[in-house]
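Each residue of the sequence shown is one higher than the one before, starting from 0 at the first, in numbering that gives the first Met the number 0.
Report on the structure given below.
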Amino acid sequence: MSPTPWWRDAVIYQIYPRSFCDDSGDGVGDLAGIIRNLDHLAWLGVDALWLSPIYRSPMADFGYDVADHCDVDPLFGDLALADQLIEEAHARGIRVLLDFVPNHTSAEHPWFVAARSSVDDPHRDWYVWRDPAADGGPPNAWVAAFDRDAPAWTLDAESGQYYLHLFLPEQPDLDWNHPAVELAQHDVLRFWLERGVDGFRADVVHLIGKDPALPDDPRDHARESRVGFHFEPDRLLPLLRGLRRTVDAYDHTDTALPGERMIVGEVNLADDEQIVACYDEGRGLHLAFNFALLRSPFDADVWRRTIADLHAVYDPVDAWPTWVLSNHDEPRHRTRYGGRESRARVAATLLLTLRGTPFLYAGEELGLEDAPVDADEALDPGGRDGCRAPIPWQPGGRRGWAGIPWLPWPPDPDDRSVAVERDDRDSVLWLYRRLLEARRASPALRRGSLRLLDAPSGVLAYERACEEDRRVVVLSTAAEPVTLPLEGAWRLEVASDGRGRGMPFDGLIEPERALLLVPAADA
Ligand code: TEU
Numbered sequence: 000m001s002p003t004p005w006w007r008d009a010v011i012y013q014i015y016p017r018s019f020c021d022d023s024g025d026g027v028g029d030l031a032g033i034i035r036n037l038d039h040l041a042w043l044g045v046d047a048l049w050l051s052p053i054y055r056s057p058m059a060d061f062g063y064d065v066a067d068h069c070d071v072d073p074l075f076g077d078l079a080l081a082d083q084l085i086e087e088a089h090a091r092g093i094r095v096l097l098d099f100v101p102n103h104t105s106a107e108h109p110w111f112v113a114a115r116s117s118v119d120d121p122h123r124d125w126y127v128w129r130d131p132a133a134d135g136g137p138p139n140a141w142v143a144a145f146d147r148d149a150p151a152w153t154l155d156a157e158s159g160q161y162y163l164h165l166f167l168p169e170q171p172d173l174d175w176n177h178p179a180v181e182l183a184q185h186d187v188l189r190f191w192l193e194r195g196v197d198g199f200r201a202d203v204v205h206l207i208g209k210d211p212a213l214p215d216d217p218r219d220h221a222r223e224s225r226v227g228f229h230f231e232p233d234r235l236l237p238l239l240r241g242l243r244r245t246v247d248a249y250d251h252t253d254t255a256l257p258g259e260r261m262i263v264g265e266v267n268l269a270d271d272e273q274i275v276a277c278y279d280e281g282r283g284l285h286l287a288f289n290f291a292l293l294r295s296p297f298d299a300d301v302w303r304r305t306i307a308d309l310h311a312v313y314d315p316v317d318a319w320p321t322w323v324l325s326n327h328d329e330p331r332h333r334t335r336y337g338g339r340e341s342r343a344r345v346a347a348t349l350l351l352t353l354r355g356t357p358f359l360y361a362g363e364e365l366g367l368e369d370a371p372v373d374a375d376e377a378l379d380p381g382g383r384d385g386c387r388a389p390i391p392w393q394p395g396g397r398r399g400w401a402g403i404p405w406l407p408w409p410p411d412p413d414d415r416s417v418a419v420e421r422d423d424r425d426s427v428l429w430l431y432r433r434l435l436e437a438r439r440a441s442p443a444l445r446r447g448s449l450r451l452l453d454a455p456s457g458v459l460a461y462e463r464a465c466e467e468d469r470r471v472v473v474l475s476t477a478a479e480p481v482t483l484p485l486e487g488a489w490r491l492e493v494a495s496d497g498r499g500r501g502m503p504f505d506g507l508i509e510p511e512r513a514l515l516l517v518p519a520a521d522a
């Protein structure tokens with residue numbers, strides 16, 4: 000692996016295809032809608048895209064219930080459009096990651112249809128089947144995500160056995176203890192690697208290592224979805240090494256953007272040690288999601304502890320961190336912060352200046368909030384519609400969508416549209432563009448060290464350094480202005496509120512403001 004593979008320097012932008020842009024007129028975002036807006040993403044300055052699933056699916060979990068891993072659902076387009084998207088993104092210097100869903104398939108996947116057809120079918124053991132417990136109920140006490148009152152098991156009347164599903168009954172878990180499952184899923188990776196994708200985001204990849212005994216949960220996790228704590232390294236790490244070998248075998252193969260392929264694992268664990276174990280000192284995942292910022296309040300002191308704790312675990316084994324504020328599963332961070340745009344701007348400055356690979360979620364660069372979706376209009380079984388509202392591209396009418404979108408618009412869709420914010424140099428969109436530009440221009444921000452600086456409560460300050468290149472970030476979540484004297488003379492390179500660019504830093508940090516500082520001599 001080269002000393003600085005692209006994915007250590009990159010800013011990766013998540014697209015939830017259904018909600019990005021509709022070109023076909025059916026009100027659901029599609030691949031043509033993404034292709035149509037690649038120039039905007041190049042203008043913004045992102046380095047890679049991660050597309051949530053685009054495969055054939057009954058859409059019980061909006062694509063995370065895959066019925067054919069090697070075909071594009073007609074809602075999104077077809078394989079030719081997928082090839083065109085990869086080619087046109089590469090032509091703009093943008094890499095493409097697809098979502099790899101290893102832990103489960105759709106109940107309508109041919110593998111499960113065969114498995115369910117007979118206890119003797121060769122595919123039967125590709126899934127997790129167990130006889131009922133002595134009382135006739137589910138084999139153990141595991142509960143499913145989305146509905147903690149529902150067991151993670153469904154009885155198949157035909158065979159009298161239960162099958163496991165850590166998510167919906169429409170999403171039966173594959174059994175990765177069966178070699179044929181591992182082989183089949185590696186074929187899926189090769190199918191897309193051959194088409195030139197640059198890597199994968201691996202959905203709940205920590206769940207594929209399962210002890211066949213399927214032990215009951217420890218008492219302190221009773222009635223809690225295992226997604227948040229399931230970790231069986233003895234079975235998981237060998238599987239991750241296998242995935243790594245398959246992906247690395249395609250490094251530097253012929254594509255417009257030669258270089259490493261990579262896997263970023265969605266490891267929904269909260270324990271830094273467990274997450275780092277999945278990197279396995281370079282033999283496992285290239286990257287893993289760290290959801291600490293996504294789960295923390297708008298609080299400089301919490302962020303400081305989070306950063307210090309993470310680097311104490313990651314740095315000794317050179318595990319390269321990731322950082323993320325929002326995704327398609329959680330309320331958008333601006334909504335989490337009470338709707339205050341100033342807070343979202345501060346968080347964006349933090350996200351794009353920390354040591355590690357930042358992930359953006361489409362729409363955060365516009366300062367979008369969650370769309371209000373009434374319970375009786377909810378479509379998602381996980382209650383996540385609000386953060387999946389359609390992206391407004393221009394003011395008025397259908398806002399750049401060919402059809403009427405599948406979900407309500409987010410608040411202020413005209414003022415928050417791409418076209419309006421592109422014309423407003425003080426917009427959130429321009430803040431993201433400036434931060435991405437500053438990051439790209441600074442080896443310190445892309446790959447430098449991070450040193451936390453002394454600061455009063457409510458203020459976070461850190462220095463990034465790489466050889467001669469240095470930056471300092473200071474931010475405040477405090478309610479009152481704070482003075483923070485710094486060694487040396489510094490100037491504002493980027494301010495979260497857009498004010499004072501190029502001005503000397505006088506040591507004053509105002510509430511809900513973040514400053515990216517460059518040495519005065521360099522400014
Ligand atoms: O998410 C796993 C996961 O942790 C979420 O289900 C989370 O627990 C829940 O959304 C909290 O609200 C991945 C995908 O990101 C998610 O969209 C899928 O629904 C899920 O796996 C199953 O594939």
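For each residue, glycine too, the CB sits at the ideal point set by N, CA and C.
Worksheet item: Considering only C-alpha positions, which residue in the set Pro4, Val372 and Asp29 is nearest to isoleucine 14?
Response: Position 15 of the sequence shown holds residue 14. Taking only the C-alpha atoms, the option nearest isoleucine 14 is Asp29.
Worksheet item: Whole alpha helix (DSSP H) runs in the region 396–471 with 4 or more residues, listed along the chain?
Response: 417–421, 427–440 and 442–446
Practice prompt. Verify the contact flag: asparagine 267, CB atom, against every heavy atom of the ligand NAP, threshold strictly below 7 Å.
Written response: The ligand NAP is not part of the structure shown, which contains the ligand TEU as its ligands.
Practice prompt. Below 6 Å CB to CB, which residues in the same chain sit around valine 263 once its five sequence neighbours on both sides are set aside?
Written response: As a first step, residue 263 must be located in the sequence shown, where it is residue number 264. Once the five neighbours on either side are set aside, the close Cβ partners of valine 263 are Arg200 and Leu286.
Worksheet item: Since glutamine 393 and glycine 399 are thought to touch, with beta carbons under 8 Å apart, how far apart are those beta carbons, to the nearest angstrom?
Response: Locating residue 393 in the sequence shown gives position 394, where the first residue counts as 1. Locating residue 399 in the sequence shown gives position 400, where the first residue counts as 1. Between glycine 399 and glutamine 393 the Cβ distance is about 5 Å, and since that is below 8 Å, they are a contact.
Practice prompt. Please look up how many angstroms separate the CB atoms of isoleucine 93 and leucine 40, rounded, as I've assumed it's under 8 Å.
Written response: Sequence index remark: in the sequence shown, residue 93 carries index 94 (1-based). Sequence index remark: in the sequence shown, residue 40 carries index 41 (1-based). Sure, about 6 Å apart at Cβ, within 8 Å.
Fill in: Endpoints, the alpha helix (DSSP H) within which glutamine 393 is located
Your numbering for residue 393 matches position 394 in the sequence shown. Taken as a continuous stretch (DSSP letters only), glutamine 393 belongs to no alpha helix (DSSP H), as it is neither H nor E.
Discussion item. On the DSSP letters alone, give me the boundaries of the beta strand (DSSP E) that glutamine 160 sits inside.
Written reply: Taking the sequence shown and counting its residues from 1, the one referred to as residue 160 is at position 161. Looking at the DSSP string, the run of the beta strand (DSSP E) that includes glutamine 160 is 160–163.
Fill in: Span of the beta strand (DSSP E) around glutamine 13
To locate residue 13, count along the sequence shown from 1; it is residue 14. Taken as a continuous stretch (DSSP letters only), the beta strand (DSSP E) holding glutamine 13 covers 11–14.
Item to complete: Tell me whether cysteine 69 sits in a helix, a strand or coil according to DSSP, three-state version.
Response: Numbered from its first residue, the sequence shown carries residue 69 at position 70. Of the three classes helix, strand and coil, the one that applies to cysteine 69 here is strand, per DSSP.
Practice prompt. Go through its chain and collect everything with a Cβ distance to glycine 574's Cβ below 6 Å, but skip five positions before and after it.
Written response: What is shown of the chain runs 0 to 522, which leaves residue 574 out entirely.
Practice prompt. Pick out whichever of Gly355, Ser456 and Gly136 has its Cα sitting closest to the Cα of alanine 149.
Written response: Your numbering for residue 149 matches position 150 in the sequence shown. When each option's Cα is compared against that of alanine 149, the closest is Gly136.
Item to complete: Taking all protein chains shown into account, decide if isoleucine 403 is buried (16 or more other Cβ within 10 angstroms of its Cβ) or exposed.
Response: As a working mapping, residue 403 is identified with position 404 in the sequence shown. Result: exposed.
Worksheet item: Between the beta-carbon of histidine 185 and the beta-carbon of aspartate 172, is there less than 8 Å?
Response: The count along the sequence shown starts at 1 and reaches residue 185 at position 186. The count along the sequence shown starts at 1 and reaches residue 172 at position 173. Cβ atoms of histidine 185 and aspartate 172: not closer than 8 Å.
Worksheet item: With a cut-off of 8 Å, do at least 3 Cβ pairs link the region 422–432 to the region 278–292?
Response: no
Item to complete: Round the Cβ separation of methionine 502 and arginine 490 to the nearest angstrom and send it over; I've been treating them as touching at under 8 Å.
Response: For the purposes of this step, residue 502 is identified with residue 503 of the sequence shown, where counting begins at 1. For the purposes of this step, residue 490 is identified with residue 491 of the sequence shown, where counting begins at 1. About 7 Å; that satisfies the 8 Å criterion.
Item to complete: Please determine, among Asn326, Asp60, Ala377 and Ala59, the residue with the shortest C-alpha to C-alpha distance to phenylalanine 358.
Response: Mapped onto the sequence shown, residue 358 falls at position 359. Closest by alpha carbon: Asn326.
Item to complete: Using the Cα positions of threonine 348 and proline 412, report the straight-line distance between them to the nearest angstrom.
Response: Residue 348 sits at position 349 when you count from the first residue of the sequence shown. Residue 412 sits at position 413 when you count from the first residue of the sequence shown. Each residue's Cα considered, the two are about 23 Å apart.
Discussion item. Can you check which of these residues, Thr3, Asn36 and Val45, is closest to arginine 432 by C-alpha distance?
Written reply: Here residue 432 corresponds to residue number 433 of the sequence shown, with the count starting at 1. Considering only alpha carbons, the answer is Val45.
Fill in: Residue closest to glutamate 107, alpha-carbon to alpha-carbon, out of Ala151, Ala133 and Asp60
On the sequence shown, residue 107 is found 108 positions in, with the first residue counted as 1. Cα-wise, what sits closest to glutamate 107 is Asp60.
Discussion item. Let me make sure I understand the geometry here. Which of Ala346, Arg240 and Ser117 has the alpha-carbon closest to that of leucine 514?
Written reply: As a first step, residue 514 is located in the sequence shown; it is residue number 515 there, counting from the start. The residue with the shortest Cα to Cα distance from leucine 514 is Ala346.
Worksheet item: If you measure from the CB of valine 187, is any heavy atom of the ligand TEU nearer than 7 Å?
Response: As a working mapping, residue 187 is identified with position 188 in the sequence shown. It does not: the Cβ of valine 187 is nowhere closer than 7 Å to a heavy atom of the ligand TEU.
Practice prompt. Quick one: grab the DSSP three-state call for glycine 264.
Written response: Here residue 264 corresponds to residue number 265 of the sequence shown, with the count starting at 1. Three-state result, glycine 264: strand.
Worksheet item: From arginine 470 to histidine 310, what distance separates their C-alpha atoms?
Response: Indexing the sequence shown from 1 puts residue 470 at position 471. Indexing the sequence shown from 1 puts residue 310 at position 311. Cα to Cα, the separation comes out at about 18 Å.
Worksheet item: Taking only runs of the alpha helix (DSSP H) that begin and end inside the region 88–139, which ones reach a length of at least 4 residues, in chain order?
Response: 109–116
Discussion item. Given the structure, does arginine 383 come close to the ligand TEU, in the sense that its CB is under 7 Å from one of the ligand's heavy atoms?
Written reply: Here the question's residue 383 lines up with position 384 in the sequence shown. Answer for arginine 383: yes, Cβ within range of the ligand TEU.
Worksheet entry | serine 441 burial status per 10 Å Cβ neighbour count (16 or more: buried) | Numbered from 1 along the sequence shown, position 442 holds the residue referred to as residue 441. Buried: at least 16 other Cβ atoms inside 10 Å.
Item to complete: Give a yes or no on whether the C-beta atoms belonging to aspartate 64 and proline 57 are separated by under 8 Å.
Response: Stepping through the sequence shown from its first residue, residue 64 is reached at position 65. Stepping through the sequence shown from its first residue, residue 57 is reached at position 58. Closer than 8 Å, so yes.
Discussion item. Within 8 Å, do at least three Cβ pairs link the region 75–95 to the region 241–252?
Written reply: no
Worksheet item: So which of Pro455, Leu434, Glu363 and Val142 has the shortest CA-CA distance to proline 410?
Response: Here residue 410 refers to the residue found at position 411 of the sequence shown. Looking at the Cα atoms, Glu363 is the closest of the given residues.
Discussion item. Rounding to the nearest angstrom, what Cα-Cα distance links leucine 507 and aspartate 521 in this structure?
Written reply: On the sequence shown, position 508 is the one that residue 507 refers to. On the sequence shown, position 522 is the one that residue 521 refers to. Spanning the two alpha carbons is a distance of roughly 21 Å.
Discussion item. Quick check: does the Cβ of phenylalanine 111 come within less than 7 Å of any heavy atom belonging to the ligand TEU?
Written reply: Indexing the sequence shown from 1 puts residue 111 at position 112. Incorrect: phenylalanine 111 has no Cβ contact closer than 7 Å to the ligand TEU.
Practice prompt. Tell me whether tyrosine 54 counts as near the ligand TEU, meaning its Cβ is closer than 7 Å to at least one heavy atom of that ligand.
Written response: Within the sequence shown, the letter at position 55 stands for residue 54. Every heavy atom of the ligand TEU is 7 Å or more from the Cβ of tyrosine 54, so no.
Fill in: tryptophan 408 and glycine 26 closer than 8 Å at C-beta
Start at 1 with the first residue of the sequence shown, and residue 408 comes out as number 409. Start at 1 with the first residue of the sequence shown, and residue 26 comes out as number 27. Cβ atoms of tryptophan 408 and glycine 26: not closer than 8 Å.
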